[in-house]
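K.L.:
Number 58 in the UniProt record's numbering belongs to position 58 of the sequence shown; there are no gaps in the numbering.
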Amino acid sequence: MPSVVKINVLSVPEDQRETLEKRFSSRAGTVENSDGFEWFELLRPVEGTDQYLVYTRWRDEESFQAWMEGPMKAAHQGGGEGGERPRPAASGSTLWSFEVVQQAAPKKG
Ligand code: HEM
């Protein structure tokens, strides 16, 4: 079974970029402990787009769905204890889904 890639595409106004990156710096860090989680990257746009990508890779669709239904919600509370969720830094988001068809890593030695 191929891994699945889930990319959350975030539209972020120029003046909110720093806020967004700071929020990811203090992200919950719980996704790492989720069953079936394989990879995460926050990608800052440089050329060709002005949207940030939150790249995640999962063993299978079920693992991603389980994360979405549980830990995902807590991981998106903004990290503050008790307080209100801060105003979102992103003005919009779209979820992209892919299956990994091929992959390669450098050969060792
Ligand atoms: C509703 C639209 C969404 C917005 C605006 C958004 C934005 C954010 C922000 C600002 C953070 C940093 C933590 C925080 O301040 O909450 C975060 C964390 C994260 N987001 Fe989203 N997000 C959204 C939905 C999603 C979806 C659908 C995915 C699936 C790929 C995703 C993947 C992640 C991951 C993996 C983290 C890190 C969680 C951790 O460290 O445990 N997000 N998101």
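C-beta: ideal position from N, C-alpha, C; glycine also.
None of the values given here were measured: they were computed from a predicted structure.
How do the stretch 68–78 and the stretch 41–54 stand: do at least 3 beta-carbon pairs fall below 8 Å, yes or no?
P.N.:
No, they do not touch.
K.L.:
Grouping DSSP H, G and I as helix and E and B as strand, with all else coil, what is T19?
P.N.:
T19: helix per DSSP, three-state reduction.
K.L.:
Please report how far the alpha carbon of V5 lies from the alpha carbon of Q103, in whole angstroms.
P.N.:
Cα to Cα, V5 sits roughly 12 Å from Q103.
K.L.:
Taking 7 Å as the cut-off, does the CB of T49 come closer than this to any heavy atom belonging to the ligand COA?
P.N.:
Among the ligands present in this structure, namely the ligand HEM, the ligand COA is not found.
K.L.:
Based on DSSP bridge pairs, tell me the residues matched to F37.
P.N.:
Answer by DSSP bridge pairing, in chain order: W58.
K.L.:
Of all the options M1, V12, P2 and S3, which has the alpha carbon lying nearest to the alpha carbon of T94?
P.N.:
Among M1, V12, P2 and S3, the Cα nearest to that of T94 belongs to V12.
K.L.:
Can you give me the start and stop residues for the beta strand (DSSP E) that K6 sits inside?
P.N.:
Per DSSP, K6 belongs to the beta strand (DSSP E) from V4 to S11.
K.L.:
Taking C-alpha atoms, which residue in R57, E99, Y52 and M68 lies nearest to E21?
P.N.:
The residue with the shortest Cα to Cα distance from E21 is Y52.
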